[in-house]
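The structure under discussion appears below in the form of structure tokens.
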Amino acid sequence: MLLPNLGEPALSRSVTDVFGGYNRSATYADGEFTNMENLSSDSYPMLSPRKVRGIYAAPREASCLIAKDSLCYTDGTDIVINGYHVDMGLSKDPDMLPKRAVSMGAYLIILPDKKYINTKDLTDKGDIEASFTSYGTVTFSNCSIDGSEYENCTVSVSAPESPENGTYWVDTSSSPCVLKEYSASSGVWAEIESTYIKISSPGIARLFSEYDGVRISGIDENNTELSDLEGGDTVLCSVYCDPDSPAGDYIVVPGIISVPVSQSSALSIKRMMPDMDMVIESENRLWGCKYGISREGETVNEIYASKLGDFKNWNVFMGISTDSYRVSLGTDGQFTGAVNYLGYPVFFKENCFHKLHGSYPANYRVQTTLGRGVMRGAEDSLAAVNEVLYYKSRDGICAYDGSLPVNISEPLGHTAYTSGAAGAYDNKYYISMKDQSGAPHLFVYDTLRRLWHREDSTDAAVFCSCGGELYFIDRKDGMIKTVGGTGKKEPGDIKWMAETGIIGRYSTDSKTVSRLSVKMSLSEGSRIAFFIRYDSSGSWEKVMDVVGHSLDSFTVPIRPRRCDQFSLRILGEGEGTVHSISKTYYEGSEVK
């Protein structure tokens, strides 16, 4: 019987020596991994675990981080500056918004408590808002801007006869009345355009400063000439605190009355800061935004800016370049993020963002761009790496360079992630998100190599870059930890894992993989194990277990059995590097 001669199957070999990171999309390539833990691009193109993290502090109730000369953070009712606890009387009300800290010069502003502290002089601290309620008699009288009352002042409908030079006359022939001064050289009564009212009451000036923007209420309804002051915003043109007695205190505001008046009912004076969803600093001003119901009960959709160089004042409108600023917007929806990007305040909503141009209130201009904004609940995902802004949108992670945002998160697959806290470190963008089941994931995007890696299930509440280190609050244990390893090192060896997609999925023929060769290096005591899943069977079979003896590279031979396709899983513990993976196989027929 004659049998056909069968040729020897062709031997093929492929080498993977460039590892491309995490990719759960349908288009993953050779050298990319569909699942991983605690790996990084630090040794690119090789495969290696992340750096060992550090534990910086173990506060009782840390809630926010901010960078000054050193890391600062809130801890319960305190603020911690360079390791020193300062009691700020911060609220612990769980119904309040999360604590936020904003830096402006040497000051830290803590929200929503609306408190401040000077980091160079820790005794300089207090409340941004101020409120005074009078007791006893309050008097109102005309005065100059420094509080000096007018002498030789006549109040009448017609001009005084035979006046002397410098005589004052309150002309009541019109409403409101007009203050005039007589000039003997010209024989004319000249109108004084800027007029002021002095308000005197014990202690009235103790909480305020010159040019504070305040709101006055409680004006006696019988004092009709003062009705314009009731409930409106005005500016304190002068403030005087009597060093000997608070009874001599007074404030000066714009206005005029015909004759001095007084009242015994309580007068209220308040310096207020708007309730805002988010606050940032830009160009020596604080900027904020609010969508919803204001503290006055009005529906607002506004952006605010404080007075130049003065975070305490948000209601100073004198028509000059240092004024406060506010603008209403026409776009719908809540604000979802705010950032100072390239020197411009940028406020995000889910479907658009607003960029503020200009250098002072008269030429401020809002540029609105329709596009993917920050996802609601992901306001902490904003972080700039190498002058590019990254953030979590509803569709994924976006990169924004000042033009239009671009989605960069296709390798993360179709999983819908929520929330998001992010930070920048070593040319990388770190973001902690939660999947649909609520499980947290810490992803890292290498902006130079454009690679994603998944580190672990760290649930970071907030990140903060300071002094070349990236800090974060771990929700699991409340500790402040470091990405770069500053502080006490985290205990134990790092456990890491890499899992390939299906190898051989594009081949129509069966094949026999005769040999897998993994070139790698392991430090002494480190361990690594290899598992194979054949033909998507669902179960993983261990095929090799190695213990490291030195950092010299070596090759691990693995002999899998005949299959149509397979996946490889690598489990490691400790320091190690995978240099390459080569596959030697024989192509078979369409039948196994």
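Sequential numbering from 18 applies to the sequence shown in our numbering.
Just so you know, even glycine gets a beta-carbon here, dropped at the ideal spot from N, CA and C.
Quick one: what's got a C-beta closer than 6 Å to D130's C-beta in the same chain, skipping five residues either side?
As a first step, residue 130 must be located in the sequence shown, where it is residue number 113. Once the five neighbours on either side are set aside, the close Cβ partners of D130 are L107 and S108.
Indicate whether H470 and M53 have their beta-carbon atoms separated by less than 8 Å.
Residue 470 sits at position 453 when you count from the first residue of the sequence shown. Residue 53 sits at position 36 when you count from the first residue of the sequence shown. In contact: H470 and M53 (Cβ atoms closer than 8 Å).
The region 496–509 in contact with the region 70–82 per 3-pair CB rule at 8 Å
yes
T503: buried (16+ other C-beta within 10 angstroms of its C-beta) or exposed?
On the sequence shown, residue 503 is found 486 positions in, with the first residue counted as 1. With 16 or more Cβ atoms within 10 Å of its Cβ, T503 is classed as buried.
Going by DSSP, what residue range makes up the beta strand (DSSP E) through H371?
Taking the sequence shown and counting its residues from 1, the one referred to as residue 371 is at position 354. C369 to H374 is the extent of the beta strand (DSSP E) around H371.
Compute the Euclidean distance between the alpha carbons of G48 and H596, then round it to the nearest angstrom.
Within the sequence shown, residue 48 is the residue found at index 31, counting from 1. Within the sequence shown, residue 596 is the residue found at index 579, counting from 1. Using only the alpha carbons, I get a separation of about 11 Å.
Between T353 and M293, how many whole angstroms is the CB-CB distance? I'm expecting something under 8 Å.
Within the sequence shown, residue 353 is the residue found at index 336, counting from 1. Within the sequence shown, residue 293 is the residue found at index 276, counting from 1. About 14 Å; that fails the 8 Å criterion.
In three-state DSSP terms, what is G230?
Position 213 of the sequence shown, counted from the first residue, corresponds to residue 230. Of the three classes helix, strand and coil, the one that applies to G230 here is strand, per DSSP.
Am I right that F157 and I274 are in contact with their C-beta atoms under 8 Å? What's the rounded C-beta distance?
Locating residue 157 in the sequence shown gives position 140, where the first residue counts as 1. Locating residue 274 in the sequence shown gives position 257, where the first residue counts as 1. Sure, about 6 Å apart at Cβ, within 8 Å.
Considering only the beta carbon of each residue, do T251 and I236 sit closer than 8 Å?
Reading the sequence shown from its first residue, position 234 is the one you call residue 251. Reading the sequence shown from its first residue, position 219 is the one you call residue 236. Contact: no.
Quick one: residues in its chain with C-beta nearer than 6 Å to the C-beta of T435, no 5 flanking neighbours on either side, listed in chain order?
Locating residue 435 in the sequence shown gives position 418, where the first residue counts as 1. Once the five neighbours on either side are set aside, the close Cβ partners of T435 are K451.
Hey, quick one: how far does the beta strand (DSSP E) through E486 stretch, first residue to last?
For this step, residue 486 is matched to residue 469 along the sequence shown. First-last of the beta strand (DSSP E) with E486: E486 to D491.
Can you tell me the Cα-Cα spacing of Y39 and K409, whole angstroms?
Taking the first residue of the sequence shown as position 1, residue 39 is located at position 22. Taking the first residue of the sequence shown as position 1, residue 409 is located at position 392. The straight-line gap from Cα to Cα measures roughly 18 Å.
Among residues of its own chain, excluding the 5 on either side of S543, which ones have a beta-carbon nearer than 6 Å to its beta-carbon?
Residue 543 sits at position 526 when you count from the first residue of the sequence shown. Contacts found: G565, G591, E592 and G593.
Just to confirm the assignment, what range does the beta strand (DSSP E) spanning E298 have?
Indexing the sequence shown from 1 puts residue 298 at position 281. Where E298 is concerned, the enclosing beta strand (DSSP E) stretches over M295 to S299.
Do K137 and A118 come within 8 Å of each other at the CB atom, strictly closer than that value?
By one-based count along the sequence shown, residue 118 stands at place 101. By one-based count along the sequence shown, residue 137 stands at place 120. No; because the gap between Cβ atoms is not below 8 Å, this pair is not in contact.
Smallest Cα separation from L253: which of Y45, I83, I425 and F334?
The residue given as residue 253 occupies position 236 in the sequence shown. Of the listed residues, the one whose Cα sits closest to L253 is F334.
Are the region 214–223 and the region 139–146 in contact at 8 Å, needing three or more beta carbon pairs?
no
Per the contact definition of three or more C-beta pairs closer than 8 Å, is the region 239–247 in contact with the region 257–274?
As far as the Cβ criterion goes, the region 257–274 touches the region 239–247, which means the pair count is three or higher.
Whole beta strand (DSSP E) elements within the region 119–182, 3-residue minimum:
124–128, 132–135, 138–144, 147–150, 155–160 and 170–173
What does the Cβ neighbour count give for E486, buried or exposed, with the cut at 16 atoms within 10 Å?
Locating residue 486 in the sequence shown gives position 469, counting from the first residue. With 16 or more Cβ atoms within 10 Å of its Cβ, E486 is classed as buried.
What residue ranges within the region 288–366 form continuous beta strand (DSSP E) runs of no fewer than 3 residues, ordered along the chain?
295–299, 302–310, 316–322, 342–345, 354–358 and 361–366
Quick one: using the 10 Å Cβ neighbour count with 16 as the cut-off for buried, is Y101 buried or exposed?
Taking the sequence shown and counting its residues from 1, one reaches residue 101 at position 84. Exposed is the label assigned to Y101, since fewer than 16 other Cβ atoms lie within 10 Å of its Cβ.
In terms of residues, what are the limits of the beta strand (DSSP E) holding R586?
For the purposes of this step, residue 586 is taken as residue 569 along the sequence shown, with counting starting at 1. Unbroken beta strand (DSSP E) run through R586: F583 to E590.
Uninterrupted beta strand (DSSP E) stretches inside the region 396–442 (no shorter than 3 residues):
400–402, 405–409, 414–417 and 435–442
Just reading off the beta strand (DSSP E) that V383 is part of, what are its end residues?
Indexing the sequence shown from 1 puts residue 383 at position 366. Note, V383: beta strand (DSSP E), R382 to L387.
Per-residue DSSP class, three states only, for H596:
As a first step, residue 596 must be located in the sequence shown, where it is residue number 579. Assigned with DSSP and collapsed to three states, H596 falls in strand.
Applying the 10 Å Cβ sphere with the 16-neighbour rule, what's the burial state of R312?
Along the sequence shown, read from residue 1 onward, the residue named residue 312 stands at position 295. R312 is exposed by the Cβ-count criterion.
The beta strand (DSSP E) with C89 in it runs from where to where?
Mapped onto the sequence shown, residue 89 falls at position 72. Its beta strand (DSSP E) spans residues L88 to D92.
Helix, strand or coil at G502 [DSSP, three-state]
Locating residue 502 in the sequence shown gives position 485, where the first residue counts as 1. Looking at G502 - three-state DSSP - the assignment turns out to be coil, as it is neither helix nor strand.
Could you pull out every unbroken beta strand (DSSP E) segment of at least 3 residues lying fully inside the region 33–117, listed in chain order?
49–54, 71–74, 79–84, 88–92, 95–98 and 101–104
From the DSSP output, in three-state form, read off T241 for me.
On the sequence shown, position 224 is the one that residue 241 refers to. The DSSP-derived three-state label of T241 is helix.
If G437 and F480 are in contact, beta carbons under 8 Å, what's the gap, nearest whole angstrom?
Counted from its first residue, the sequence shown places residue 437 at position 420. Counted from its first residue, the sequence shown places residue 480 at position 463. Their Cβ separation, rounded to whole angstroms, is 10 Å, which puts G437 and F480 out of contact at 8 Å.
Taking C-alpha atoms, which residue in A283, S29 and D494 lies nearest to Y152?
Within the sequence shown, residue 152 is the residue found at index 135, counting from 1. For Y152, the nearest C-alpha among the options comes from A283.
Pull up the distance between the alpha-carbon of E78 and that of E166, whole angstroms please.
Within the sequence shown, the letter at position 61 stands for residue 78. Within the sequence shown, the letter at position 149 stands for residue 166. Distance between the alpha carbons of E78 and E166: 54 Å.
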